[in-house]
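Residue numbers (UniProt numbering), protein chains in the order written: chain B, 1 to 219; chain S, 1 to 219.
Even for Gly, the Cβ is constructed at its ideal location relative to N, Cα and C.
Notes to accompany the following structure.
Number of protein chains: 2
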Amino acid sequence: MSNNIRVLLVDDHPVVRAGLRAMLADFEGVQVVAEAADGGAALAELAKLHSLGEPVDVVLMDLQMGSGMDGVTATGKIKAGEAGTPPPPVLILTTYDNDADILAAVEAGASGYMLKDAPPEQIREAVASAAAGQTALAPEVAARLMGRIRNPVHALSAREVQLVELLATGMSNRAMAKQLFISEATVKTHLVHIYGKLGVDNRTAAIAAATQRRIIRSQ
Amino acid sequence: MSNNIRVLLVDDHPVVRAGLRAMLADFEGVQVVAEAADGGAALAELAKLHSLGEPVDVVLMDLQMGSGMDGVTATGKIKAGEAGTPPPPVLILTTYDNDADILAAVEAGASGYMLKDAPPEQIREAVASAAAGQTALAPEVAARLMGRIRNPVHALSAREVQLVELLATGMSNRAMAKQLFISEATVKTHLVHIYGKLGVDNRTAAIAAATQRRIIRSQ
DNA sequence: CCGCGGGTCAACCTTTTGGTTGATTGGGCC
DNA sequence: GGCCCAATCAACCAAAAGGTTGACCCGCGG
Numbered sequence: 001m002s003n004n005i006r007v008l009l010v011d012d013h014p015v016v017r018a019g020l021r022a023m024l025a026d027f028e029g030v031q032v033v034a035e036a037a038d039g040g041a042a043l044a045e046l047a048k049l050h051s052l053g054e055p056v057d058v059v060l061m062d063l064q065m066g067s068g069m070d071g072v073t074a075t076g077k078i079k080a081g082e083a084g085t086p087p088p089p090v091l092i093l094t095t096y097d098n099d100a101d102i103l104a105a106v107e108a109g110a111s112g113y114m115l116k117d118a119p120p121e122q123i124r125e126a127v128a129s130a131a132a133g134q135t136a137l138a139p140e141v142a143a144r145l146m147g148r149i150r151n152p153v154h155a156l157s158a159r160e161v162q163l164v165e166l167l168a169t170g171m172s173n174r175a176m177a178k179q180l181f182i183s184e185a186t187v188k189t190h191l192v193h194i195y196g197k198l199g200v201d202n203r204t205a206a207i208a209a210a211t212q213r214r215i216i217r218s219q
Numbered sequence: 001m002s003n004n005i006r007v008l009l010v011d012d013h014p015v016v017r018a019g020l021r022a023m024l025a026d027f028e029g030v031q032v033v034a035e036a037a038d039g040g041a042a043l044a045e046l047a048k049l050h051s052l053g054e055p056v057d058v059v060l061m062d063l064q065m066g067s068g069m070d071g072v073t074a075t076g077k078i079k080a081g082e083a084g085t086p087p088p089p090v091l092i093l094t095t096y097d098n099d100a101d102i103l104a105a106v107e108a109g110a111s112g113y114m115l116k117d118a119p120p121e122q123i124r125e126a127v128a129s130a131a132a133g134q135t136a137l138a139p140e141v142a143a144r145l146m147g148r149i150r151n152p153v154h155a156l157s158a159r160e161v162q163l164v165e166l167l168a169t170g171m172s173n174r175a176m177a178k179q180l181f182i183s184e185a186t187v188k189t190h191l192v193h194i195y196g197k198l199g200v201d202n203r204t205a206a207i208a209a210a211t212q213r214r215i216i217r218s219q
């Protein structure tokens with residue numbers, strides 16, 4: 001266990017980068033060696049630091065990047081070795097905890113998933129865990145995943161999630177039927193099931209519920 | 001004109017508060033005198049500092065607060081003098097630039113509206129402007145407002161925005177009518193107008209369009 | 001002063017959705 | 001093999017939403 005963890009910050013917000021820098025500076029054994037405003041810059045920084053013989057121990061990465069490469073893509077590329085370095089652990093630090101993002105990040109090879117409103121101590125522990133090769137999930141994130149596994153009664157099937165996604169784009173039953181190559185009757189059946197599982201009784205409320213429960217992501 | 005601007009930070013994210021604190025510490029003549037994690041705490045801080053004879057010159061306020069009083073409500077209360085102080089200028093500093101939030105903040109009495117991805121220099125200037133009693137809008141925000149003014153053909157009226165917001169929560173026409181103390185007929189009239197302006201023909205598509213055009217925020 | 005547009009409401013009709021019942025198929029599991 | 005469940009479809013009826021026309025009031029601006 002190194003007692004000087006070298007960290008690369010990746011976040012498009014200068015304010016957040018400054019905050020993390022200040023926060024991590026208070027911790028013994030953690031050192032922010034570089035920053036990047038998007039995924040592309042992060043890959044470049046990793047390559048540069050590697051060529052200088054100053055490897056990075058942990059990447060602290062935001063998911064939502066205003067412009068440029070997003071965090072999931074960047075994580076995937078880092079883990080694929082596209083930065084030309086032995087892939088360092090990538091710790092996701094983001095604002096929202098929707099299912100889609102969490103699963104995508106884990107699939108891309110992230111070592112952990114933390115929320116920005118976490119207390120500093122939790123972030124420090126997560127960085128240390130990641131550096132040690134362990135995984136680190138925020139309690140809220142862990143709870144969400146456990147809830148999915150423990151209580152599948154109200155979990156939407158893959159097909160139903162697909163329906164909700166189309167629903168949120170404003171499509172009519174007929175349009176969804178055509179898009180999915182099924183009949184309107186089937187669409188209606190799916191919708192009834194969805195309403196039941198979400199505890200609502202119309203399509204707009206279903207969208208609101210699915211968004212709130214982070215089954216789909218908006219924006 | 002004081003050359004030592006006393007600032008109160010209001011944001012629920014410790015990381016962001018740390019970032020702003022660090023960022024503002026680099027500027028001459030700006031001093032962060034207190035912090036609050038939500039609107040209620042902000043009011044309490046203002047009252048406390050006032051009673052200590054240490055008034056606040058500018059409030060830097062986030063809009064989205066995980067729990068507790070949100071930024072718009074807090075701004076309104078501060079401007080109404082509920083903190084027991086001569087109301088200081090309130091500068092909104094938030095992540096998103098949707099119409100609904102901007103209008104609500106301005107209505108509540110905010111002196112400016114900045115985005116968190118703004119460069120530090122812009123934030124410093126905005127704080128100085130607010131302290132001097134002037135208004136400060138981020139370029140993106142200004143552009144959005146100008147767009148509304150220049151091309152009001154497809155701009156929703158305040159009432160219509162209100163309808164869309166309720167719509168996005170999944171309410172039925174009847175429920176919206178009750179909530180707004182108007183008849184269902186009026187609700188339907190508004191919806192027809194909204195569909196026309198957004199170029200859609202049903203409520204779910206209206207929600208999608210309004211979200212995409214940042215007329216409302218999702219979350 | 002008069003028009004224009006926003007907000008309000010009513011009546012009427014058409015289309016879409018919601019809710020129910022029932023049925024078939026195919027995959028996974030004991 | 002038998003059972004359950006997701007996915008598919010049909011028919012039917014009730015309720016909600018969509019669309020149109022016409023009307024009234026009010027404030028703002030030419």
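Boundaries of the alpha helix (DSSP H) harbouring residue 191/S: 184-198, taken from the DSSP string. The three-state secondary structure of residue 73/B, taken from DSSP, is helix. Within its own chain, the residues whose Cβ lies closer than 7 Å to the Cβ of residue 58/S, once the five positions on either side in sequence are excluded, are 5, 7, 88, 89, 91, 127, 130 and 131, listed in chain order. Annotation: Cβ neighbours of residue 116/S in chain B (cutoff 7 Å, chain order): 13 and 15.
By DSSP's assignment, residue 136/B forms a beta bridge with 112/B. Per DSSP, reduced to three states, the secondary structure at residue 35/B is strand. By the Cβ neighbour-count rule, residue 204/S is buried, with 16 or more other Cβ atoms within 10 Å of its own. Residue 94/B is bridged by DSSP to 115/B.
The C-beta of residue 200/S comes closer than 8 Å to at least one C-beta of chain B.
Using a Cβ-Cβ cut-off of 8 Å, residue 69/S does not count as an interface residue toward chain B, since no Cβ of chain B sits closer than that to its own. About 6 Å separates the beta carbons of residue 82/S and residue 43/S, which is inside the 8 Å limit, making them a contact pair.
Between the alpha carbons of residue 177/S and residue 93/B lies a distance of about 42 Å. For residue 120/B, same chain residues with a beta-carbon under 6 Å away, outside a window of 5 residues either side, are 23 in chain order. By the Cβ test, the segment 174-194 of chain B is not in contact with the segment 20-40 of chain S, since fewer than three Cβ pairs between them sit closer than 8 Å. Taking the beta carbon of residue 23/S as reference, the chain B residues within 7 Å of it are 15 and 18, listed in sequence order. DSSP places residue 60/B in the uninterrupted beta strand (DSSP E) bounded by 58-61. Close to chain S, meaning a Cβ-Cβ distance shorter than 8 Å, are the following residues of the segment 187-212 of chain B: 200, 202, 203, 204, 205, 206, 207, 208, 209 and 211.
With a threshold of 8 Å between beta carbons, residue 119/B makes contact with chain S.
For the segment 167-186 of chain B, the residues whose beta carbon sits under 8 Å from a beta carbon of chain S are, in order, 167, 168, 169, 170, 171 and 172. Listed along chain B are 117, each with a C-beta nearer than 8 Å to that of residue 66/S. The beta carbon of residue 168/B sits closer than 8 Å to those of 207, 210, 211, 216 and 218, all from its chain and outside the five residues before and after it, given in chain order. Under the three-state reduction of DSSP, residue 174/S is assigned to helix. Sequence-distant partners of residue 79/B (beyond 5 residues in either direction) whose C-beta falls short of 8 Å from its own C-beta, in its chain, are 87, 90, 108 and 109. Rounded to whole angstroms, the gap between the alpha carbons of residue 39/B and residue 117/S is 16 Å. Within its own chain, the residues whose Cβ lies closer than 6 Å to the Cβ of residue 198/S, once the five positions on either side in sequence are excluded, are 206 and 209, listed in chain order. Just measuring C-alpha positions, the residue of 72/B, 61/B and 51/B sitting nearest residue 123/B is 61/B. Secondary structure at residue 207/B: helix, using DSSP grouped into helix, strand and coil.
One alpha carbon belongs to residue 69/S, the other to residue 11/S, and they sit about 11 Å apart. Of 46/S, 37/S and 97/S, the smallest CA-CA separation from residue 66/B is found for 97/S. A direct Cα-to-Cα measurement between residue 36/B and residue 46/B gives close to 10 Å. Pairing residue 188/B with residue 73/S, the inter-Cα distance amounts to about 41 Å. In this structure residue 55/B is exposed. Its beta-carbon is surrounded by fewer than 16 other beta-carbon atoms within 10 angstroms.
Of the other Cβ atoms in all chains shown, 16 or more fall within 10 Å of the Cβ of residue 100/S; this residue is therefore buried. Straight-line measurement puts the Cα of residue 155/S at about 33 Å from the Cα of residue 16/S. Under DSSP, residue 9/S forms a beta bridge with 35/S and 60/S.
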